[in-house]
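These protein sequence lines are chains G and S, in that order.
Each residue of the first sequence is one higher than the one before, starting from 1 at the first, in this note's numbering.
Each residue of the second sequence is one higher than the one before, starting from 1001 at the first, in this note's numbering.
Here a beta-carbon is modelled for each residue, glycine too, at the ideal position from N, C-alpha and C.
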Amino acid sequence: MKSAFLFSPVDTVNKSLSGADIIHVSCLPYLCGKALPAKAPSGPKLLLSFPFISKGRAYSLFCSRFAEFAACFDGFTLQNIGDDVTLKELFDADPALRREDYFIAGDNAFNIANKTSAGFWRGRLDSVVVSPELTPEEQKELANGFPEGLLPEVIASGPVIVMRSEHCYAAEGPSYNCGKCGKFGLGGGSLFDISGGELPVVTNPVDCNSVLLAKAEKFTCFDSDSIIVRNG
Amino acid sequence: MALLLSPAGNAKCFAAAVQNGADEIYLGLSSFSARAGADNFSLENLGEWVRYGHVRGVKVHVALNTLLKDSELPLALELAREADRIGVDAFIIQDVGLAEKLAGIVGAALHASTQMSVMNLAGMKLAKELGFSRVVLARELSLEEIGELAGTGLMETEVFCHGALCMSYSGQCLLSHYTTGRSGNRGTCSQPCRLKYSRTGERRDEKHLLSPGDLCTLPYLDKLVATGVTSLKIEGRLKSPEYVAAVTAAYRRALDDPGMDVSGAVKDLTVVFSRGGFCSGHQLGKLPLSAVTANYPGKTGLPCGRLEGRLTVFKKNGIDLFSASVKASEPLSTGDGIAFDRDPACGGVINIIEKNGARAATLFAGEKGKITVSGTVPPGLPQDLSGKDVRISKTSDDAFIKELRKTFAPGAEFRRVPVTARLFASSGSTVLEFSDGFNTAASSIPLTAGTQAPESTLSEIISATGGTPYDVTSAEISSDCGFVTFSTLKKMRREALSALTSLRERRVTK
């Protein structure tokens, strides 16, 4: 299977993503007022990502609009180990929302570096990202040893969240803009390291926090028959 | 009352933490510690230090808080089992797999590392399910959020009260791995957040945009304690024993005397180590942008005055020196370290102070004098400093450092355990008993009739606990305790205290 992570609204799905079986979609645009996507009868599974940081107004907003989201998406991508409990509590609060075919994924925040850690999530998640800090060979080996019932996902290329911060990297001057910037997704520009390497900033104007992205190297050793391979 | 948890990167730091008032200490072993760069401890010397801590009422937490590969998990488990047998009180864990394996098989408690990024009640519930009894909350929580989570009573909570901050939520930072191949999640963070970055549209190599100042909660410690948090953690397993001593002592005093004026302590700690002064992190609201140490990411010290007049730069015996007039805003003494605000990498140690043309040991706040410093000046600094606003900061206080070192010198016992003593007769024996309130240990000899020495003399001998960690707060002598020679009584004192030490060395579980 192939997957991708989209930091912009889903209506901008482009050709490079059209071959994906799973598309993880950032919730930030929708929390900032962007219209929810119309549910397509076929095509890739659209998984709505929980907020990258599991507190603050974005998190509360996400939970309060959960019923709307559940109706539009095919599942959810969790961004913190506690999201597993939150999701269960949201479904428990409104059992009518629960669907057997929802796909629940864990992102790289789950820090899966060994089979035992992966095993803990079997029965809770449908897939989880293998730690991108392992070498591609180690990722492949771990993915091949995943417990039955839990799909490994590897980040083969494209953006990886390398920092989640309560700070807003896009903030300038003496204070934060405190949501007045109105930007979300990749509207926050980029940071550049001293060698010119670009680290795109994903801003969250709801809470004035942000995440920093880096581009994963392009690894071609993964076989998408048995694992979910994220490209882009 | 919140507990005080101090770091120990090595044995000296451990002693410094204990002797200056820590209730708990955390340390790493030779492997699987998020601070691989610290000296850390081996299984061979861990027991000695665990006993040292326990005897003085201090619990010991072992950080096994890295992510583990499959090949490492058995080694980590074995290390944990050995440390558990030694009697450590808790393991600090990041890896879910390790937590799952350890839960229920070790006597020590499991603490969820801040690397697990627990920032809400749902995260705490999951940690509880995994077998953790305490969670080290994410550093990015506000006092209100800490209070809400601590108030649930679901499990013990721990928060950082002092030290370096990360720009990313701990456990969620992959930047070091992506830039250098060294993973912060595996204990080898290369600190890329202290490097220079530029924003879109700005000149390259601009500022240290990801470098936060250091946290200091002393000015609002009462509010942090009022959240109901179980333990206050001092960051710094890579820091010196002097740092551990100074910070632990300052927080100990502030916790024990909530009304105290902390301004002096904050100044002391600013000199010992701080980046651009201190900040409140996110605890009093978002990290202020002014708390990002964009100009310099290292130690900056306490502003202490400005250089004036003519700057002389010279060499003597191959050593770089400079001298200039100074107007002090804080006391400066010979042996103190100073740095230039415009370039804190430059500066040095004050060798000579001259006041009114004569040598002096100290220049007090508000006084003018001349200092000669062994060290360097920033490139391009002119000889004529008039009107140049050349500010300097104090980066070490020689006298303070010497006082701190006394507290963890070999054999130092500033941390005394209060015990009560009783000398009495029982079942044909003369018994000397010591109690710490929980443990009681005794030494006895056959009862011998005879004229006993005055009670005050016996009490003095029983209370002579110098060289031990014990302080006899009361000694009760029964009139029928029989006759004991002074040398026998001293021997009984040593035996009973030794027995008490054996009892105290063990891990106490709730």
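So, is residue i buried or exposed, given that buried needs 16 or more other C-beta atoms within 10 angstroms?
i: S/A1002; result: buried
i: S/E1242; result: buried
i: S/R1506; result: exposed
i: S/E1433; result: buried
i: S/R1134; result: buried
i: G/G19; result: exposed
i: S/I1105; result: exposed
i: G/G82; result: buried
i: S/T1152; result: exposed
i: S/K1584; result: Lying before the first or after the last residue shown, residue 1584 of chain S is absent from chain S, which here runs from 1001 to 1510.
i: S/D1341; result: buried
i: S/I1319; result: exposed
i: G/R230; result: buried
i: S/P1382; result: exposed
For residue i, I'd like the list of residues in its chain whose CB is within less than 8 Å of its CB, leaving aside the five on either flank, ordered along the chain.
i: S/I1445; result: S1429, T1430, V1484, T1488 and M1492
i: S/K1128; result: L1154 and M1155
i: G/D193; result: L199
i: G/K15; result: Here the model assigns G/K15 a pLDDT of 44, short of 50, so the residue's position is not dependable, and the following value carries that caveat. So no residue of the chain qualifies.
i: S/R1542; result: As displayed, chain S neither begins before 1001 nor continues past 1510, which places residue 1542 of chain S out of reach and without an answer.
Please confirm whether any heavy atom of the ligand NAD lies closer than 8 Å to the CB of residue i.
i: G/K55; result: Among the ligands in the structure shown, none appear at all, so the ligand NAD cannot be discussed.
Looking at the strands, I want to know which residues DSSP matches up with residue i.
i: G/I23; result: G/A4 and G/L46
i: S/G1285; result: S/Q1283
i: S/E1476; result: S/R1422
i: S/H1162; result: S/C1216 and S/I1234
i: S/A1063; result: S/G1028 and S/I1092
i: G/F103; result: G/G75
i: S/R1310; result: S/D1384
i: G/I112; result: G/V130
i: S/I1392; result: S/G1305 and S/F1340
i: S/T1227; result: Paired residue(s): none; S/T1227 is not in a bridge.
i: S/N1120; result: None, per the DSSP bridge assignment.
i: S/T1430; result: S/A1425 and S/I1445
What residues in its chain sit with their C-beta under 7 Å from that of residue i, if we drop five residues either side in the sequence?
i: S/L1067; result: Q1094, D1095, N1185 and R1186
i: S/I1477; result: L1423, E1455, L1458 and S1459
i: G/G189; result: A170 and V201
i: G/G119; result: P147
Excluding the 5 residues flanking residue i on each side, which residues of the same chain have their C-beta closer than 6 Å to its C-beta?
i: S/C1161; result: T1217 and L1232
i: G/G149; result: R122
i: G/Y102; result: G75
i: S/G1087; result: V1050 and R1507
Determine, using beta carbons only, whether residue i comes closer than 9 Å to chain C.
i: S/S1117; result: Although the question refers to chain C, the structure presented lacks it and instead comprises the protein chains G and S.
- Message: Under 8 Å, with one C-beta from each stretch per pair, do the segment 218 to 230 of chain G and the segment 1003 to 1021 of chain S reach the 3-pair mark?
- Response: no
- Pull out every residue of the segment 1042 to 1068 of chain S whose Cβ sits closer than 7 Å to any Cβ of chain G, in chain order. L1067 and L1068
- Query: Any residues in the segment 1191 to 1208 of chain S with a beta carbon nearer than 7 Å to a beta carbon of chain G? Which ones, in chain order?
  - Reply: L1195, K1196, Y1197, S1198, R1199, T1200, R1204 and D1205
- Query: Name the residues in the segment 104 to 115 of chain G whose C-beta lies less than 7 Å from a C-beta of chain S; which are they?
  - Reply: A109, N111, A113, N114 and K115
- Mind listing which residues of the segment 1497 to 1508 of chain S have their C-beta closer than 9 Å to chain G's C-betas, in chain order? none
- Message: I want to know whether the segment 1343 to 1354 of chain S touches the segment 1363 to 1382 of chain S - three or more CB-CB distances under 8 Å.
- Response: yes
- Item | Within 9 Å of chain S by C-beta, residues of the segment 124 to 156 of chain G in sequence order | S131, P132, E133, L134, E138, E141, L142 and G145
- Query: Are at least three pairs of beta-carbons, each pair with one atom in the segment 1085 to 1103 of chain S and one in the segment 114 to 129 of chain G, less than 8 Å apart?
  - Reply: yes
- Query: In the segment 1078 to 1090 of chain S, which residues sit with their C-beta less than 7 Å from some C-beta in chain G, listed in chain order?
  - Reply: none
- Query: If contact means a Cβ-Cβ distance below 7 Å, which residues of the segment 1137 to 1157 of chain S contact chain G?
  - Reply: E1140 and E1145
- Which residues, taken in chain order from the segment 1121 to 1133 of chain S, show a beta carbon closer than 7 Å to some beta carbon of chain G? A1122, G1123, K1125 and L1126
- Message: Along the segment 31 to 57 of chain G, where does the CB come closer than 8 Å to a CB of chain S? Name the residues.
- Response: I53, S54 and K55
- Task: Could you please tell me which residues of the segment 1165 to 1190 of chain S, in chain order, have their CB closer than 8 Å to any CB of chain G?
- Result: M1167, S1168, Y1169, G1171, Q1172, C1173, L1174, L1175, H1177, Y1178, T1179, S1183, N1185 and R1186
- Query: Between the segment 1289 to 1303 of chain S and the segment 1207 to 1217 of chain S, do at least 3 Cβ pairs fall closer than 8 Å?
  - Reply: yes
- Do the segment 1465 to 1473 of chain S and the segment 1412 to 1424 of chain S make contact, defined as three or more Cβ pairs closer than 8 Å? yes
- Query: Between the segment 150 to 158 of chain G and the segment 1188 to 1201 of chain S, are three or more C-beta pairs nearer than 8 Å?
  - Reply: no
- For the 8 Å Cβ check, are there 3 or more pairs between the segment 1030 to 1041 of chain S and the segment 1074 to 1088 of chain S? yes
- Message: Count Cβ pairs between the segment 1167 to 1186 of chain S and the segment 1247 to 1262 of chain S that sit closer than 8 Å; are there 3 or more?
- Response: no
- Message: For the segment 1108 to 1123 of chain S against the segment 46 to 56 of chain G, do three or more pairs of beta-carbon atoms, one drawn from each stretch, fall closer than 8 Å, so that the two count as touching?
- Response: yes
- Could you name the residues of the segment 71 to 86 of chain G whose beta carbon sits closer than 8 Å to any beta carbon of chain S, in the order they occur along the chain? N80, I81, G82, D83, D84, V85 and T86
- Inter-stretch contact at 8 Å, needing at least 3 Cβ pairs: the segment 1242 to 1257 of chain S / the segment 1302 to 1315 of chain S: no
- Return the residues of the segment 1410 to 1421 of chain S that lie within a Cβ-Cβ distance of less than 9 Å from chain G, sorted by chain order. none
- Interface residues of the segment 1282 to 1294 of chain S facing chain G [CB-CB below 8 Å]: H1282, K1286, L1287, P1288, L1289, S1290 and V1292
- Name, going along the chain, the residues of the segment 1092 to 1111 of chain S whose beta-carbon falls closer than 9 Å to a beta-carbon of chain G. Q1094, D1095, V1096, G1097, L1098, A1099, E1100 and K1101
- Item | Members of the segment 193 to 213 of chain G that neighbour chain S once the beta carbon cut-off is set at 8 Å | D193, I194, G196, G197, L199, C208 and L212
- Say whether the segment 1326 to 1333 of chain S touches the segment 1390 to 1403 of chain S, bearing in mind that this needs 3 or more beta-carbon pairs closer than 8 Å, one atom from each stretch. yes
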